[in-house]
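K.L.:
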Ligand code: MRU
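Numbering (this note's numbering), first residue to last: 108 to 499.
1. As a quick exercise: from 354, 333, 350, pick the residue whose alpha carbon is nearest that of residue 436.
2. According to DSSP, simplified to helix, strand and coil, what is residue 458?
3. Just reading off the alpha helix (DSSP H) that residue 165 is part of, what are its end residues?
4. Quick one, are the C-beta atoms of residue 483 and residue 380 less than 9 Å apart?
5. Between residue 385 and the ligand MRU, is the CB less than 8 Å from at least one heavy atom?
6. Ignoring anything shorter than 4 residues or poking outside the segment 389 to 463, list the alpha helix (DSSP H) runs there in chain order.
7. Would you call the segment 366 to 384 and the segment 452 to 459 touching, i.e. three or more CB-CB distances under 8 Å?
8. Could you check if residue 312 is buried or exposed, using at least 16 other CB atoms within 10 Å of its CB as the buried criterion?
9. For the ligand MRU, I want to know if residue 461 counts as a neighbour, meaning its beta carbon is within less than 8 Å of at least one of the ligand's heavy atoms.
10. Nearest to residue 173 by CA position, among 203, 211, 202, is which residue?
11. Just mark residue 373 as buried or exposed, buried being the case when its beta carbon has 16 or more other beta carbons within 10 Å.
12. Residue 167: beta carbon under 8 Å from a heavy atom of the ligand MRU?
13. Check this for me: beta carbons of residue 168 and residue 239, under 9 Å apart or not?
14. Quick one: is the Cβ of residue 199 within less than 8 Å of any heavy atom of the ligand MRU?
15. Determine the direct distance from the alpha carbon of residue 135 to that of residue 486, and round the result to whole angstroms.
16. Taking its Cβ as the centre, do 16 or more other Cβ atoms sit within 10 Å of residue 165, making it buried, or is it exposed?
17. Give the DSSP bridge partners of residue 144, in chain order.
18. Determine the contact status of residue 431 and residue 457, defining contact as a CB-CB distance below 9 Å.
19. Thinking just about the alpha-carbon of each residue, which of 339, 130, 139 is nearest to the one in residue 441?
20. Should residue 362 go down as buried or exposed, given a rule of 16 or more other Cβ atoms within 10 Å for buried?
21. Rounded to the nearest angstrom, what separates residue 466 and residue 406 at their Cα positions?
22. With burial defined as no fewer than 16 other Cβ atoms inside 10 Å of the residue's Cβ, what is the status of residue 398: buried or exposed?
23. Out of 462, 141, 145, point me to the one whose CA is closest to residue 123's CA.
24. How is the alpha helix (DSSP H) around residue 209 delimited, first residue to last?
25. To the nearest angstrom, how far is the alpha carbon of residue 351 from that of residue 120?
26. May I ask whether a heavy atom of the ligand MRU can be found less than 8 Å away from the beta carbon of residue 373?
27. State buried or exposed for residue 242, treating a residue as buried only when at least 16 other CB atoms are found within 10 Å of its CB.
28. Is residue 299 helix, strand or coil by DSSP?
29. Rounded to whole angstroms, how far is the Cβ of residue 177 from the Cβ of residue 149, which I believe are closer than 8 Å?
30. Can you tell me whether residue 419 is buried or exposed? The criterion is at least 16 other CB atoms within 10 Å of its CB, across all chains shown.
31. Let me know the secondary structure DSSP gives residue 312 once reduced to three states.
32. Of the choices 250, 170, 229, 222, whose alpha-carbon is the least far from that of residue 471?
33. Here's the rule: buried if 16 or more other CB atoms are within 10 angstroms of the residue's CB, otherwise exposed. What is residue 320?
34. Can you look up residue 250 in the DSSP assignment and give me helix, strand or coil?
35. Please classify residue 226: does DSSP put it in a helix, a strand, or coil?
36. Of all the options 197, 207, 353, which has the alpha carbon lying nearest to the alpha carbon of residue 408?
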């Protein structure tokens, strides 16, 4: 496939109709309007990431890579390579995918003569995007099998690779023998195709189950203050996946009442010991899940694994603007975009955008290579080439 052509399944990111540029879906306008924004310059990409027009750990990694490619098209000098890498890396600190993508490009570009850098960067940025889509598809396959195994007691992952028939068979057995109702899966934030290049991380297994005819219902946590759960609801509605939006604070009650079979979330950074940074509120769900015996899964590609970070306590937590808490965007009665102020500008607020879930609360990690315990040993089993860097 030519490096400039994206596969038809790409959804959150696409080539611009003309020239060396890309377009992103403006996620600040969703779920009310579907608008594409062109990224033609480095600073367009940096602004889109910082302002969360584009968001989600794997996607901001890919967009940062395009940002560096755009920078090289304008000035491929050593000085601009260093300055642009630093500028893009500073846009958001928690999701390691961003630093990972920039480090990958910089390592490729630094030894090249400046005249060769723009082309090489463009090709590599598309490679990152293509890889992300393929890895998320694999997460869908592994995650679907594991969700069924956990919920129904059927080990759909043993033996042959998963096929459509295997999952559909396991799903009907699950509903016939265990519960004559859909599998009830809770998620937090948005970890679907909007947050990746395609497919999603936490939502990929749900899409796979749904496509295979397994009845699923998704509890979608609103995810205050930026309400990424509304993006998840929009995605699920687009694909006809049954779902119900809940206030974040309803999650514990639903688990206590036995109305949640499993929780699955994405991640912004997974430390070498299996601790997970994800959207703020994830930790509370993990605590409630443990208290009520509900399995808690974390789905993420290799670009989210930070083998150099020993534990969750070392993960930088992004603190975002207080107005995200003081104001609520939406639509007025005439269906026009509107923002409602809930608190005066001077009211002190704290807005940590992520939290850390200790590995001990995570039932398993689901990556493109399979499913493993959330631990150094678990990651070493899936990534033996990194085993030397991992705690046991
Ligand atoms: O602040 P956001 O919206 O970029 O945060 C996104 C999340 O926390 C997602 O859960 C995470 O990136 C997983 S993405 C597939």
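Ideal Cβ placement from N, Cα and C applies to all residues, glycine included.
P.N.:
To lay it out plainly:
1. 333
2. coil
3. 164 to 181
4. yes
5. yes
6. As far as the segment 389 to 463 is concerned, its whole alpha helix (DSSP H) runs of at least 4 residues are 389 to 398, 430 to 433.
7. no
8. buried
9. yes
10. 211
11. Residue burial is scored here from C-beta neighbours: residue 373 has at least 16 other C-beta atoms within 10 angstroms and is therefore classed as buried.
12. yes
13. Cβ atoms of residue 168 and residue 239: closer than 9 Å.
14. yes
15. 35 Å
16. buried
17. 131
18. no
19. 139
20. buried
21. Rounded to whole angstroms, the separation of the alpha carbons of residue 406 and residue 466 is 13 Å.
22. exposed
23. 145
24. 203 to 216
25. 27 Å
26. yes
27. buried
28. For residue 299, the three-state secondary structure derived from DSSP is coil.
29. Indeed, because the Cβ distance is near 5 Å, the residues count as touching under 8 Å.
30. buried
31. Helix, per DSSP.
32. 250
33. Residue burial annotation: residue 320 is exposed, with fewer than 16 other C-beta atoms found within 10 angstroms of its C-beta.
34. helix
35. helix
36. If we check each option's Cα against that of residue 408, 207 comes out closest.
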